[in-house]
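In our numbering, the protein residues as written are 60 to 252.
Below: the structure, in structure tokens.
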Ligand SMILES: [Zn+2]
């Protein structure tokens with residue numbers, strides 16, 4: 060599966076058409092709460108199929124190879140790993156939180172502290188993909204709560220797929236509010252521009 064090495068926004072990682080990595084318009088207008096987003100590849104083809112099989116078809120054994128892809132992404136130095144939480148309802152439906160499994164694996168790989176309870180999703184939300192940008196922001200407002208265990212730490216926040224960065228932004232905001240020093244986002248894939 061190909062690692063994406065093309066031009067991207069130097070904050071949110073959005074793949075860019077321009078040959079240079081610069082800051083995208085959205086990040087210029089409103090800087091996300093996280094410092095920078097990193098990901099392995101684009102959400103398409105085989106990587107997309109593997110992530111969806113892992114996430115929706117509960118093919119748990121895909122967790123290890125996908126975590127290995129994550130470990131190939133170069134990351135800045137950090138202290139701990141947290142994961143984007145899902146609601147209790149999603150865990151009941153799916154049996155597990157895919158980001159939490161990936162986060163645990165990556166923390167072991169990098170020898171970092173794992174904070175499985177750093178973030179909590181306080182209510183069920185509408186799927187972000189079904190909403191426009193304004194609705195997306197509203198949909199997630201105040202949804203994520205962070206624990207004091209994040210205090211003073213540089214945190215790698217693990218997600219499976221970055222779509223608009225809105226979820227990552229809100230999670231990072233909660234972590235910073237709880238005292239985190241800095242938040243980086245690490246995902247398997249980014250939706251293509
Ligand atoms: Zn950007």
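For each residue, glycine too, the CB sits at the ideal point set by N, CA and C.
Would you say residue 195 touches ligand 1, meaning its beta carbon is less than 7 Å from a heavy atom? For the purposes of this step, residue 195 is identified with residue 136 of the chain shown, where counting begins at 1. Incorrect: residue 195 has no Cβ contact closer than 7 Å to ligand 1.
Is the beta carbon of residue 167 within less than 7 Å of some heavy atom of ligand 1? Position 108 of the chain shown, counting from 1, holds the residue named residue 167. Taking 7 Å as the cut-off, the C-beta of residue 167 does not count as close to any heavy atom of ligand 1.
So is the beta-carbon of residue 226 under 7 Å away from any non-hydrogen atom of ligand 1? Translated into positions along the chain shown, residue 226 becomes position 167. Not so, every heavy atom of ligand 1 lies at least 7 Å from the Cβ.
Same chain, Cβ closer than 7 Å to residue 230, neighbours up to 5 away in sequence not counted: By one-based count along the chain shown, residue 230 stands at place 171. Closer than 7 Å at Cβ, skipping near neighbours: 143, 178, 203, 216.
Along the beta strand (DSSP E) that carries residue 92, what are the first and last residues, could you check? Counting from one through the chain shown, the residue named residue 92 turns up at place 33. Judged by DSSP secondary structure, residue 92 falls outside any beta strand (DSSP E); it is assigned neither H nor E.
For residue 98, which beta-bridge partners are listed by DSSP? For the purposes of this step, residue 98 is taken as residue 39 along the chain shown, with counting starting at 1. BP columns for residue 98 point to 246.
Per DSSP, residue 203 is paired with what? For the purposes of this step, residue 203 is taken as residue 144 along the chain shown, with counting starting at 1. Bridge partners of residue 203: 180.
Roughly how many angstroms separate the alpha carbons of residue 114 and residue 228, rounded to a whole number? As a first step, residue 114 must be located in the chain shown, where it is residue number 55. As a first step, residue 228 must be located in the chain shown, where it is residue number 169. Spanning the two alpha carbons is a distance of roughly 22 Å.
Residue 82: CB within 7 Å of a non-hydrogen atom of ligand 1: Against the chain shown, residue 82 aligns to sequence position 23. Answer for residue 82: yes, Cβ within range of ligand 1.
Looking only at its chain, what residues have a beta carbon closer than 6 Å to the beta carbon of residue 239, apart from the 5 residues adjacent to it on each side? Along the chain shown, one-based indexing puts residue 239 at 180. The beta carbon of residue 239 sits closer than 6 Å to the beta carbons of 209, 212, 214 from its chain, once the five residues preceding and following it are set aside; these are given in chain order.
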